[in-house]
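Asker: For reference, the structure I am asking about is given below.
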Amino acid sequence: DAGITQSPRHKVTETGTPVTLRCHQTENHRYMYWYRQDPGHGLRLIHYSYGVKDTDKGEVSDGYSVSRSKTEDFLLTLESATSSQTSVYFCAISDPPWAGQDTQYFGPGTRLTVL
Amino acid sequence: AQSVTQPDIHITVSEGASLELRCNYSYGATPYLFWYVQSPGQGLQLLLKYFSGDTLVQGIKGFEAEFKRSQSSFNLRKPSVHWSDAAEYFCAVGAGDSSYKLIFGSGTRLLVRP
Chain A
1 DAGITQSPRH KVTETGTPVT LRCHQTENHR YMYWYRQDPG HGLRLIHYSY
51 GVKDTDKGEV SDGYSVSRSK TEDFLLTLES ATSSQTSVYF CAISDPPWAG
101 QDTQYFGPGT RLTVL
Chain B
1 AQSVTQPDIH ITVSEGASLE LRCNYSYGAT PYLFWYVQSP GQGLQLLLKY
51 FSGDTLVQGI KGFEAEFKRS QSSFNLRKPS VHWSDAAEYF CAVGAGDSSY
101 KLIFGSGTRL LVRP
C-alpha cells in the first residue's frame, strides 16, 4: 500500500455525531486525496490536498471538511454524520502531476457505517 | 460534464480465455485515462495509463489498453486470464485538463471460471 495507513479501518457511529478519519503516509508525497466508494458509483473524489494547508474540493465535498497540518497526515471530518455518508473511504497519495508521476497509490480503506 | 461509462457490471470468463473490459468516456480534448484494479477488501492499484503518444498502452500483470479517439473508448485487454485476475476493474479519466482529479467509472467485476 505504498506506505499509506488509514485509521480507523472500521467505524460505526450514529447520525449527528462528528467523525474524523485519518490518512497517514510515510512516502513524502505532496498530493493527498479522499475518495468515497459506493456500489454503482465507483470512487468519487471528496477533497484533495496539494500541500500543507492547501486543499480543494472534489466532486462530492458537501458535508465533509479536510485539514492538512503536516505532509504526512490528511484528515477527513464529517461534522455531523448522516446515513448517506455510510460508505468506504479511501485515501490516496501521489506526486505532483508536473513531476511526471501521476500514479495515485491507495490506502486500504475505512468502512464507515452511520446508523 | 465529463463522465466514464463501464457498460458491463459483471463479466465471467474461463481461465486461459481472453478478456476485454469496455470503457467509454466523454471529453472533448485528449483525456488522461487510467485503469485501476481492486482486489476484495483492498485499495486500488494502477494497471496502466494513457496520456499521449502510442495509443496501445502496456501495463502490469500482462494487461494492455487501446485508446480509440473515434470511439471515445479505452478498453482493457488481456490475452489469457489467470484465476488471480478475479477482481473489480475501474476505468478513470482525469477531470478537465488535470491528470489527478480523477472521475471513475462504476467498475466491472471480473469472475474467473476454473
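Chain order of the listed sequences is A and B. Reminder that position 79 of the first sequence reads as 79 in the numbering used here, one-by-one numbering, no gaps. Reminder that position 53 of the second sequence reads as 53 in the numbering used here, one-by-one numbering, no gaps. Glycine included, each C-beta is placed from N, C-alpha and C at the ideal position. Given the structure is predicted, the values throughout are model-derived calculations rather than measurements.
#1: I want to see whether chain B comes within less than 7 angstroms of A:Asp62, judged by CB atoms only; does it?
#2: If you compare alpha carbons, which of A:Trp34, A:Lys53, A:Asp54, A:Asp38 is closest to A:His47?
#3: Taking C-alpha atoms, which residue in A:Asp102, A:Thr26, A:Ser67 lies nearest to A:Gly51?
#4: Please determine, among B:Gly59, B:Val37, B:Tyr27, B:Ala1, the residue with the shortest C-alpha to C-alpha distance to B:Pro79.
#5: Just to make sure I have the definition right: I need the residues of chain B whose C-beta is within less than 7 angstroms of the C-beta of A:Leu45. Which are they?
#6: Assuming A:Thr5 contacts A:Gly107 under a Cβ cut-off of 8 angstroms, what Cβ separation, rounded to an integer in Å, is found between them?
#7: Compare the C-alpha of B:Tyr27 against each of B:Gln38, B:Arg113, B:Trp35, B:Val4 and name the closest.
#8: Within 8 angstroms, do at least three Cβ pairs link the region 1 to 17 of chain B to the region 76 to 91 of chain A?
#9: Can a CB atom of chain A be found closer than 7 angstroms to the CB of B:Ser39?
#10: Is the beta carbon of A:His41 less than 7 angstroms from the beta carbon of B:Ser106?
#11: Would a C-beta distance cut-off of 7 angstroms place B:Tyr50 and B:Phe63 closer than the cut-off?
#12: Please decide whether A:Phe74 counts as near chain B, where near means a Cβ-Cβ distance under 7 angstroms.
#13: Buried or exposed for B:Glu20, please, with buried defined as at least 16 other CB atoms from any protein chain shown within 10 angstroms of its CB.
#14: Interface residues of chain A around B:Gly169 at Cβ under 7 angstroms?
#15: Going by DSSP, name the residue or residues bridged to B:Asn24.
#16: If you run the structure through DSSP and keep just helix, strand and coil, what is A:Gln85?
#17: Short of 7 angstroms in beta carbon distance, which residues of its chain neighbour B:Val112, apart from the five on each side in sequence? Order them along the chain.
#18: Out of B:Val93, B:Val57, B:Gly41, point me to the one whose CA is closest to B:Cys23's CA.
#19: Counting only the same chain and skipping the five closest in sequence on each side, list residues whose C-beta sits under 6 angstroms from that of A:Leu75.
Answerer: According to the structure shown:
#1: For the purposes of this step, residue 62 of chain A is taken as the residue at position 62 of the first sequence. A:Asp62 has a beta carbon lying at 7 angstroms or more from every beta carbon in chain B.
#2: Along the first sequence, read from residue 1 onward, the residue named residue 47 of chain A stands at position 47. Nearest of A:Trp34, A:Lys53, A:Asp54, A:Asp38 to A:His47, Cα basis: A:Trp34.
#3: On the first sequence, residue 51 of chain A is found 51 positions in, with the first residue counted as 1. Looking at the Cα atoms, A:Ser67 is the closest of the given residues.
#4: Within the second sequence, the letter at position 79 stands for residue 79 of chain B. Each of B:Gly59, B:Val37, B:Tyr27, B:Ala1 was checked against the Cα of B:Pro79, and the nearest Cα belongs to B:Gly59.
#5: Taking the first sequence and counting its residues from 1, one reaches residue 45 of chain A at position 45. Result: Lys101, Leu102.
#6: Counted from its first residue, the first sequence places residue 5 of chain A at position 5. Counted from its first residue, the first sequence places residue 107 of chain A at position 107. Sure, about 7 angstroms apart at Cβ, within 8 angstroms.
#7: Counting from one through the second sequence, the residue named residue 27 of chain B turns up at place 27. Per the C-alpha coordinates, the member of B:Gln38, B:Arg113, B:Trp35, B:Val4 positioned closest to B:Tyr27 is B:Val4.
#8: At 8 angstroms Cβ cutoff, the stretches do not touch.
#9: What you label residue 39 of chain B is simply residue 39 of the second sequence in a count that begins at 1. Closer than 7 angstroms: no.
#10: What you label residue 41 of chain A is simply residue 41 of the first sequence in a count that begins at 1. What you label residue 106 of chain B is simply residue 106 of the second sequence in a count that begins at 1. A contact, by the Cβ cut-off of 7 angstroms.
#11: Walking along the second sequence from the start, residue 50 of chain B turns up at place 50. Walking along the second sequence from the start, residue 63 of chain B turns up at place 63. No; because the gap between Cβ atoms is not below 7 angstroms, this pair is not in contact.
#12: Position 74 of the first sequence, counting from 1, holds the residue named residue 74 of chain A. Not closer than 7 angstroms to any Cβ of chain B, the Cβ of A:Phe74 fails to qualify, so no.
#13: Position 20 of the second sequence, counting from 1, holds the residue named residue 20 of chain B. Per the 10 Å Cβ criterion, exposed.
#14: Residue 169 of chain B lies beyond the residue range present for chain B, which begins at 1 and ends at 114; the question has no answer from this structure.
#15: As a position in the second sequence, residue 24 of chain B is number 24, starting the count at 1. In the DSSP assignment, the residues bridged to B:Asn24 are B:Thr5, B:Ser73.
#16: Here residue 85 of chain A refers to the residue found at position 85 of the first sequence. DSSP places A:Gln85 in the helix class (H, G or I) of the three-state scheme.
#17: Locating residue 112 of chain B in the second sequence gives position 112, where the first residue counts as 1. Cβ neighbours of B:Val112 beyond the five flanking positions: Val13, Glu15, Val81, Trp83, Asp85, Ala86.
#18: Taking the second sequence and counting its residues from 1, one reaches residue 23 of chain B at position 23. Per the Cα distances, B:Val93.
#19: As a position in the first sequence, residue 75 of chain A is number 75, starting the count at 1. Same-chain partners within the cutoff: Thr20, Arg22, Ser67.
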